[in-house]
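Residue numbers for the sequence shown follow the numbering used here, so the first one is 88 and each next one is one higher.
See below for the structure under consideration.
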Amino acid sequence: MIIVIKKIVCDTYDELCLTAADVFTEQLKKKPDSVLGLATGETALGLYDELISRYNAGKVDFSKAQSFNLDEYYPIDPEHRQSYVYYMKENFFDKVNLAKYQLPDGMATDPDAEGIRFDEEIDKAGGIDLIVLGIGHNGHIGFNEPAPSYYFGTHLEDLAESSITANSRFFEADEVQPTKALTMGMGTIFKAKKIIQLVSGAGKAEIVKRVSDGMIHTDIPTSLLHLHPDMTMIVDKKANGE
Ligand code: GLP
Numbered sequence: 088m089i090i091v092i093k094k095i096v097c098d099t100y101d102e103l104c105l106t107a108a109d110v111f112t113e114q115l116k117k118k119p120d121s122v123l124g125l126a127t128g129e130t131a132l133g134l135y136d137e138l139i140s141r142y143n144a145g146k147v148d149f150s151k152a153q154s155f156n157l158d159e160y161y162p163i164d165p166e167h168r169q170s171y172v173y174y175m176k177e178n179f180f181d182k183v184n185l186a187k188y189q190l191p192d193g194m195a196t197d198p199d200a201e202g203i204r205f206d207e208e209i210d211k212a213g214g215i216d217l218i219v220l221g222i223g224h225n226g227h228i229g230f231n232e233p234a235p236s237y238y239f240g241t242h243l244e245d246l247a248e249s250s251i252t253a254n255s256r257f258f259e260a261d262e263v264q265p266t267k268a269l270t271m272g273m274g275t276i277f278k279a280k281k282i283i284q285l286v287s288g289a290g291k292a293e294i295v296k297r298v299s300d301g302m303i304h305t306d307i308p309t310s311l312l313h314l315h316p317d318m319t320m321i322v323d324k325k326a327n328g329e
């Protein structure tokens, strides 16, 4: 059996965050004006905390770097505390000196045009140098949900029931949870020069096992990442089923 995906197994979630932060730190040392691709979700929080600590200690500098986020709910007010722009400001942007950041606009009147505009902005910036991904329990990346075919570019996606359920823990009972999102497409993600994917916890062990068989499963978006020339999965032992 050939396993093409590169996988780093860390003992703990903390070690996973340090390992991911090392990749970002190296990237910014090598290319201070890097274009970064960023993810939301619980798993990325420890990475952002570690990068903020390193920034405060003068070990990493974002002043020449810019970022593009993978996705944003649609429609959603940017002031809504569950919007991804709010999450990013709270957990990262307001705490480091990143030169510029962009997310798909969750209030865009024409979401199709917004997708095209967003991809053009990425191209204008020179393309993404390093992107960090999480993974959905169903194998989604960004918000590209399992389907017989995938969009290349940033587009409006109907969220899978399981993704809506998984993310419902963040919404109060009286809040309307969006059922759609603007997400980078598979092509947008694949054009990134380097990809790291963070996976933590026993709850993700099943999906990690499913994509660790060296096969490309067309119904598991994340398994297409096997085809990327510079993709590393960084998992903790629990997610690795140990
Ligand atoms: C959301 C995001 C994904 C992220 C996923 C995992 O669905 N759209 O980009 O990978 O959450 O989140 P968590 O790390 O909380 O499991």
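Glycine included, C-beta positions come from ideal geometry on N, C-alpha and C.
- [ ] State the Cα-Cα distance for the pair Lys211 and Phe205, rounded to the nearest angstrom.
- [x] In a straight line, the C-alpha of Lys211 is about 10 Å away from that of Phe205.
Is DSSP giving Gln114 helix, strand or coil here?
In the three-state reduction of the DSSP assignment, Gln114 falls in the helix class.
Margin query: Relative to the C-alpha of His242, which candidate in Leu285, Arg168, Pro191, Ser140 has its C-alpha closest?
Written below: Comparing alpha-carbon positions, the option among Leu285, Arg168, Pro191, Ser140 lying closest to His242 turns out to be Pro191.
Checklist entry - So, is Gly128 buried or exposed, given that buried needs 16 or more other C-beta atoms within 10 angstroms? => result The residue is buried, with at least 16 neighbouring Cβ atoms inside 10 Å.
- What separation, rounded to the nearest whole angstrom, lies between the Cα atoms of Asn327 and Lys281? Cα to Cα, the separation comes out at about 22 Å.
Original post:
Where Thr309 and Ala144 are concerned, what is the direct C-alpha to C-alpha distance, given to the nearest angstrom?
Top reply: Thr309 and Ala144: Cα-Cα distance of roughly 35 Å.
Legend entry - Helix, strand or coil at Asp136 according to DSSP, with G and I counted as helix: Judged by DSSP in its simplified three-state form, Asp136 adopts helix.
TODO: Run the proximity test for Thr130: is its beta-carbon closer than 7 Å to any non-hydrogen atom belonging to the ligand GLP?
DONE: Because some heavy atom of the ligand GLP lies under 7 Å away, the Cβ of Thr130 counts as near it: yes.
- Query: Going by C-alpha distance, which of Ser236, Met271, Ala260 is nearest Ile209?
  - Reply: Distances from the alpha-carbon of Ile209 to those of Ser236, Met271, Ala260 put Met271 closest.
Quiz item: Where DSSP assigns a beta bridge to Thr319, which residues make up the other side?
Solution: Answer by DSSP bridge pairing, in chain order: Lys93, Ile283.
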